[in-house]
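Q: This is the structure, below, for whatever I ask next.
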Amino acid sequence: MRRLLASPFVFALLLLTAACSTPDPAPRYAEITFVGKPQLRLDVGAIEVVNEYQEPLSRPHVEHLSPANPGRTAERWARDRVSVGGSQFQRAVLRIREASIVEDRLRTSTGLGGFVKNEQSERYTAVMDVALQILDNRGQRIGEAVARVERSRTVPEDITLNERERAWYELTESILRDMDTVLTNNVQQYLRRFLL
């Protein structure tokens, strides 16, 4: 008799435990780097990074929520891609003028039609605007290459937090790869005389 009472109790306990299982752990994202790319060796004595972009830290801006912050990743670009090796009378400055991801809510259907459909509910637009400047010993700009890139993507209304963070990470990675391509091309075109 005791065995029969224990059996349903154990079964119910197992069901309850399965229903209360912990959610998937937060995913880990790789750091976005540029170490595999050739360095841009400049005829300067130092490189400085100035992040002029002030994150609002509130919606609709969401760059501070991204697993890979666009501004810090742009700073990483300078460490990975630019090297010094020349004149002590000149310095390079990477100015990060904008490194944003902005959320824009999209219109979705209401009523029964909206209940049945799974529509795109937000658009995320990332903007990266940087300038690599060469300054002389008086601080005067004697050369500059700029890159301004923009990308956007939409997400469905049933997206999970982990999927949303993955979308932000992928958007950041894409915009930094675009920035790398554009800025590298512009350095080779507009700062050619400073390349070693």
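Heads up: the sequence shown is residues -21 to -1, 1 to 175, going by mature numbering (1 follows the signal peptide of the UniProt record, and there is no 0). Built from N, CA and C at the ideal position, the CB exists for glycine as well.
1) CA-CA distance, L19 and R145?
2) Starting from R86, trace the beta strand (DSSP E) in both directions and tell me its first and last residue.
3) Note down, one range per segment and in chain order, each alpha helix (DSSP H) of at least 4 residues found wholly within the stretch 87 to 167.
4) Go through its chain and collect everything with a Cβ distance to L(-18)'s Cβ below 6 Å, but skip five positions before and after it.
5) Near M(-21), which residues of its chain fall below 6 Å by C-beta distance, leaving aside the five closest residues on each side in sequence?
6) Give a yes or no on whether the C-beta atoms belonging to S45 and L150 are separated by under 9 Å.
7) Let me confirm a value: Q69 is counted as buried when at least 16 other C-beta atoms fall within 10 Å, else exposed. Which label applies?
8) Which class does A71 belong to by DSSP, given the choice of helix, strand or coil?
9) Once DSSP output is grouped into helix, strand and coil, what is the label at A9?
10) Enumerate in chain order the residues of its own chain whose CB-to-CB distance from R38 is below 8 Å, with the five nearest sequence positions on each side excluded.
11) If you draw a straight line from the C-alpha of L21 to the C-alpha of V72, how long is it?
12) Report the residue from T104, E129, M107 and S100 whose alpha carbon sits nearest the alpha carbon of P135.
A: Answer, in terms of the structure:
1) Distance between the alpha carbons of L19 and R145: 30 Å.
2) R86 -> no beta strand (DSSP E), and no H or E assigned at all.
3) Runs of the alpha helix (DSSP H) inside the stretch 87 to 167: 90 to 95.
4) Low local confidence applies: a pLDDT of 48 at L(-18) is under 50, so the model's placement there is unreliable, and no value is given.
5) Low confidence applies here, because M(-21) scores a pLDDT of 49, under 50, leaving its location unreliable and the question unanswered by this model.
6) yes
7) buried
8) strand
9) In the structure shown, A9 sits in coil (DSSP, three-state: anything other than H, G, I, E or B).
10) E82
11) 11 Å
12) S100
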